[in-house]
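Under full-length UniProt numbering, the sequence shown has 324 at position 324, and the numbering climbs by one with no breaks.
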Amino acid sequence: MPTLSATEIAFLMVACQQAVLALGWAIGAAVVPIDRRSAVQWACYALLTGASVVIFIGASQTKSEELRAVANVCVATGILLMERGVRQFIGRPANGWVYALLMAGVVLLSWLGLTPRYGALRVAAVSGLLAVLCALTAWNIYVYARRDLGLSLGQWLALPLLLGALVFANRGAQAVVSPYTVAAEMAGNSSLDIGSAAVFLVTALVFHLALVALVGVRMTAELRRLSRLDGLTEVFNRRAIEEQLHDEARRVGRSPRPFSVLMIDADYFKDINDRFGHAAGDDALRHLAKIMKAQMRDVDRIGRFGGEEFVVLLPGTASTEALSAAERLRDALLRRPWAWQGESMSLTVSIGVAAWRGPQDEVNALLKRADAALYRAKALGRDRFELGS
C-alpha cells in the first residue's frame, strides 16, 4: 500500500473536518428548530466535499483520471446542495430541474475531461460553475440579511461565500489562461500540495461558519420577533406598539407629516366570554385581529393594548383619513360576522381616533385623547367611532 505524503494527510484532515461538520448538521436537523431540509442538504454538502478529498487522494495514488472526475462531480454536487439549502432556508424558489440540468452538465464535462486534451476545459467549466454558485449564494444571503432581517451589516454574512467564489474563479481563470499548465498539473498529479490543502481547509470551514452564522442570525431575529408579538392574536404586544408610537413620533420630528392612532375596543366582549366561554373569547379576538390586518395598510402597525383593546398606528395619516379607516374597519366587521360552533354573529367595536399635533405633542397625551374618544363612542351607544379633541 502506497505511503501517504504529508500533503495527502493534510487533505485527509480536511475530509475528517467535513465528516464532523456533516454530523453536526445532521444533529442540528434533528434537535434544533431550523429548516430541516436545508440542514440535511448542508450535511450532504459536507459529506460530498469530504468524500471528494478522499477520492482525489485515491486518484493521486492510482493515477486515475476516472477517480478525479468522480471527485469533481462530488464537489459540484455538494456546492449545488449548499446553494439549494440556502435558497430554501431564506425562502427563495429552488427549481429542481435547474439543478438537474447543472448536474448533467457537470457529469458531461467530467466525462469529457477524462481525455487529457479536455482536462483544462473541465477545470475551467466546473470551477466557473462553482464560482457562480458561491457568488449567487453570497448575494442571496446579503439580500436576505438586509431586506428580511433588517441587518445593516449583511455583507459580513455573505463575505465567506464571496471569497470562495473568488477562489474558484481564480482556478477557472488559470485553466483558461494557462491550459497547458493545468494539463501538466493533472498529468503529474501535482495539484495535491500543502497550499491547496490549506486553501480547501479554510474555504470549507468558513463556508460552514457562514451557514452557522446565517442560522444563528435568523433564530435571534425570530426570537426578537416573537418577544414583540401577542401570542394569541399575532399582532404587536403593548410594549412593541408603544415602541412603534415613540419611533414614529421621533421620525416625524418637526416635519409637518401627520400620523394618527385608532384605539379599538370590542363591544360586549364580556358577554361572549360568559355565554360561550373563554375559548370562544380568544377566537373572537383572533377574528378581530384578522379583520384588522386585512383592512389596514402594510405601513400600519397593529398592537394589542390589553384584554380586548387594540391600538393601530397610521403613519402619514391625518384625522380625516383616520376616520375613514375606522369606518372601513367597522364596515368590514359587519360584513364578516364571527362564527362559533355553528352560530354566526357580528362583532362590533367602538373606536377612538386621535391625530398627532406636532412637536409639542406627546405619545401619552395622544393615547389619552384616543382613549377618551373611545369611551365617548361607548357612551353614545357603541358600534361607532369618535374623534378625540
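In this text, a Cβ means the ideal position worked out from N, Cα and C, and glycines have one as well. Predicted, not measured: the structure shown is a model, and the values here were computed from it.
| Check | Outcome |
| --- | --- |
| Alanine 138 and proline 160 closer than 9 Å at C-beta | yes |
| Length of the line joining the Cα atoms of valine 73 and alanine 94 | 20 Å |
| Selected residue, minimal CA-CA separation from alanine 294, among Trp156, Tyr118, Arg369, Arg330 | Arg330 |
| Paired residues, beta bridge with isoleucine 241 - DSSP | Answer is none; isoleucine 241 lacks a bridge partner. |
| Opposing strand residues paired with serine 344 [DSSP bridges] | Ala339 |
| Burial state of threonine 317 (16 or more Cβ within 10 Å) | buried |
| Reduced DSSP category for residue 414 - H, G, I as helix; E, B as strand; rest coil | Outside the displayed span of the chain (1 to 389) sits residue 414, for which this structure offers no information. |
| Own chain, CB closer than 6 Å to alanine 145, minus 5 neighbours either side, in chain order | Leu151, Gly154, Leu157 |
| Sequence-distant residues of its chain with Cβ nearer than 6 Å to alanine 22 (five each side left out) | Ala43, Ala46, Leu47 |
| Span of the alpha helix (DSSP H), counted from its first residue to its last, around valine 177 | 154 to 177 |
| Uninterrupted beta strand (DSSP E) stretches inside the stretch 230 to 284 (no shorter than 3 residues) | 259 to 266 |
| Bridge partners - serine 350, DSSP secondary structure assignment | Asp265 |
| Cβ neighbour criterion (16 or more within 10 Å) applied to alanine 187 | Low confidence applies to alanine 187: its pLDDT is 49, below 50, so where it sits in the model is not reliable enough to give any reading. |
| Beta strand (DSSP E) segment containing residue 390, residue limits | There is no way to answer for residue 390, as the model of the chain reaches only from 1 to 389. |
| Cβ shell of glycine 195 (< 6 Å), same chain only, five flanking positions each side left out | Confidence in glycine 195 is poor, its pLDDT being 49 and thus under 50, which makes the residue's placement unreliable; the coordinate value appears in the next sentence. Nothing meets the Cβ criterion. |
| Per DSSP, the bridge partner or partners of proline 315 | Phe259 |
| CA-to-CA distance, phenylalanine 236 to residue 458, given in whole angstroms | Because residue 458 is not part of the residues shown, which for the chain are 1 to 389, the question remains open. |
| Delimiting residues of the beta strand (DSSP E) encompassing leucine 387 | 385 to 387 |
| Cα-Cα separation between isoleucine 302 and histidine 287, rounded to whole angstroms | 14 Å |
| Candidates Arg228, Asp361, Leu80, Ala221, of which the one nearest isoleucine 241 by Cα | Arg228 |
| Local conformation of glutamate 309 per DSSP, three classes | strand |
| Classification of alanine 30 by the beta-carbon crowding that lies within 10 angstroms, buried from 16 upward | exposed |
| Backbone secondary structure at alanine 94 - three-state DSSP | coil |
| Distance CB(valine 363)-CB(aspartate 267) smaller than 9 Å | no |
| Glutamine 360 classed as buried or exposed, judged by whether at least 16 other C-beta atoms fall within 10 angstroms | exposed |
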